[in-house]
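Participant: Quick note: the sequence shown, position 25, residue 40 per this note's numbering, numbers continuous.
A virtual CB, placed ideally from N, CA and C, is assigned to each residue, including glycine.
Just so you know, these numbers come straight off a predicted model, no measurement behind them.
This is the structure, below, for whatever I ask next.
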Amino acid sequence: MASMDKEPVPVEGEKTDLYGTLDKLELYNCGKCSKTFRKQKQCEAHMREAHPSTTKSR
Ligand SMILES: [Zn+2]
């Protein structure tokens, strides 16, 4: 009889919230320049090409 104590999570606004969060979560930011990439591999490739001195490899 204690399960009725909790309030249901409001669903409205979830779409807008998810949209904004997803947009930020799906983007990878380059630490050297303010470029954003959708995939981590793209970000890594960019860092190697644009900022070769940043990569630890070699
Ligand atoms: Zn960069």
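State the beta-bridge partners of Thr-69 as determined by DSSP.
Facilitator: Taking the sequence shown and counting its residues from 1, one reaches residue 69 at position 54. Answer is none; Thr-69 lacks a bridge partner.
Participant: Taking the alpha-carbon positions, what's the His-61 to Glu-41 distance?
Facilitator: Reading the sequence shown from its first residue, position 46 is the one you call residue 61. Reading the sequence shown from its first residue, position 26 is the one you call residue 41. In a straight line, the C-alpha of His-61 is about 16 Å away from that of Glu-41.
Participant: Whose C-beta lies closer than 7 Å to the C-beta of Thr-69 among residues of the same chain, with five residues either side of it excluded?
Facilitator: Along the sequence shown, read from residue 1 onward, the residue named residue 69 stands at position 54. Lys-47, Met-62, listed in sequence order.
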